[in-house]
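Input: a single structure, listed below in structure tokens.
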Amino acid sequence: MWIVRHGESAGNVARNAAHGAGLSRIEIAERDVDVALSSRGEQQALALGRWFAAMPSGERPEVVLTSPYLRAQGTAALIRRAGGLADGAGEPIIDERLREKELGILDRLTHAGVAELHPDQAEMRARLGKFYHRPPSGESWCDVILRLRSALDTVSLHHGGQRVLVVAHQVVVLCLRYLLETMTEAEILGIDAQAEVANCSVTEYAFTPREGTTGGLSLVRYNFVAPVARGGAPVTVEPDAEAAVR
Numbered sequence: 001m002w003i004v005r006h007g008e009s010a011g012n013v014a015r016n017a018a019h020g021a022g023l024s025r026i027e028i029a030e031r032d033v034d035v036a037l038s039s040r041g042e043q044q045a046l047a048l049g050r051w052f053a054a055m056p057s058g059e060r061p062e063v064v065l066t067s068p069y070l071r072a073q074g075t076a077a078l079i080r081r082a083g084g085l086a087d088g089a090g091e092p093i094i095d096e097r098l099r100e101k102e103l104g105i106l107d108r109l110t111h112a113g114v115a116e117l118h119p120d121q122a123e124m125r126a127r128l129g130k131f132y133h134r135p136p137s138g139e140s141w142c143d144v145i146l147r148l149r150s151a152l153d154t155v156s157l158h159h160g161g162q163r164v165l166v167v168a169h170q171v172v173v174l175c176l177r178y179l180l181e182t183m184t185e186a187e188i189l190g191i192d193a194q195a196e197v198a199n200c201s202v203t204e205y206a207f208t209p210r211e212g213t214t215g216g217l218s219l220v221r222y223n224f225v226a227p228v229a230r231g232g233a234p235v236t237v238e239p240d241a242e243a244a245v246r
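Take the sequence shown: its position 179, counted from the start at 1, is 179 in the numbering used here, and no numbers get skipped.
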């Protein structure tokens, strides 16, 4: 199984501009679900697709599951266009359970914006931590994990024994690690604190017969950006605009 964060999006660029200017809000016209890849994001997705394409067909992804967000679908489509899937692989399957973490009333606010407009939420988040804090109309990491448990059950039921590529978002990558490696809150937040999940980075798992009593998935690599760098595309690590305050 490969878990890939989407390529850089227009929202990533807008988020950086807002933070650089000290603004409270991140200005994007579209719904977050409709934010497309930036030109750099397209380069990253094609570079990753070429990395997969260099593998023999029998080692490439057979099944692609993608978030419904346009930037994730665009990444999956460009990987496919670059020849990154196994011969005979079907079209990417859209699964809404892989969508970005929803921030509710904190949507598109910078850290400064949350402190200014919703100081009560800033205080609650500082007290509870991002794992458990659920902003009004939004989700906590636990909420994301709940839907991902269901998504993993679907993978096991319908795609057992196949090579699966998941294209999603930063928090989804981290929460899948939490589930697949049976981590604690402290362990996954420690990994999150070390570095952002890079755009089009690869987190890879392989089946290990000796894992547990019946075998299981073992981590091969995390946040692997060599395919993007080797393909001549820039490596970017910006959080999404919608989730600037995770």
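Where a beta carbon is used, it is the ideal one built from N, C-alpha and C, also for glycine.
| query | result |
| --- | --- |
| Burial state of R99, where buried means 16 or more other Cβ atoms lie within 10 Å | buried |
| C-beta atoms of G41 and G11 nearer than 7 Å | no |
| Where S9 falls, given that 16 or more other Cβ within 10 Å makes a residue buried | buried |
| Buried or exposed by the 16-neighbour rule on C-beta atoms within 10 Å, applied to P92 | buried |
| Cβ neighbour criterion (16 or more within 10 Å) applied to R108 | buried |
| Rounded C-alpha distance that separates S156 from E116 | 45 Å |
| Supposed close pair L46, G74 - CB separation, criterion 8 Å | L46 to G74, Cβ: 11 Å. No contact. |
| Three-way DSSP call (helix, strand, coil) for T214 in this model | coil |
| Alpha-carbon to alpha-carbon, V197 and L234 | Sequence inspection shows Pro at residue 234; the Leu mentioned does not correspond to that position. Spanning the two alpha carbons is a distance of roughly 14 Å. |
| Opposing strand residues paired with Y178 [DSSP bridges] | Y178 is not bridged to any residue. |
| R97 to I145 span [Cα, whole Å] | 10 Å |
| Within 7 Å, strictly: CB atoms of A168 and S67 | yes |
| Own chain partners of V228 with C-beta closer than 7 Å, once the 5 adjacent residues on each side are dropped | Q44, A47, L48, C200, V235 |
| Under the three-state DSSP convention, the category A168 falls into | strand |
| Where R67 sits in the DSSP three-state scheme | Per the sequence shown, the amino acid found at residue 67 is Ser instead of Arg. Coil. |
| L179 versus R149: straight-line alpha-carbon distance, rounded | 7 Å |
| Identity of the residues DSSP links to A206 by a beta bridge | S218 |
| Separation of A151 from S137, as counted between CA atoms | 22 Å |
| Spatial neighbours of E204 in its chain, beta-carbon cut-off 6 Å, leaving aside the 5 residues before and after | W2, V220, R221 |
| Proximity to E181 [Cα-Cα], best of V171, S218, A53 | S218 |
| Contacts around G231, its chain only, beta-carbon distance under 6 Å, and the 5 residues preceding and following it disregarded | A47, R50 |
| C-beta contact flag for A76 and V64 at 7 Å | yes |
| Outcome for R210 when other beta-carbon atoms lying within 10 angstroms are tallied against a minimum of 16 | exposed |
| Sequence-distant residues of its chain with Cβ nearer than 6 Å to E187 (five each side left out) | none |
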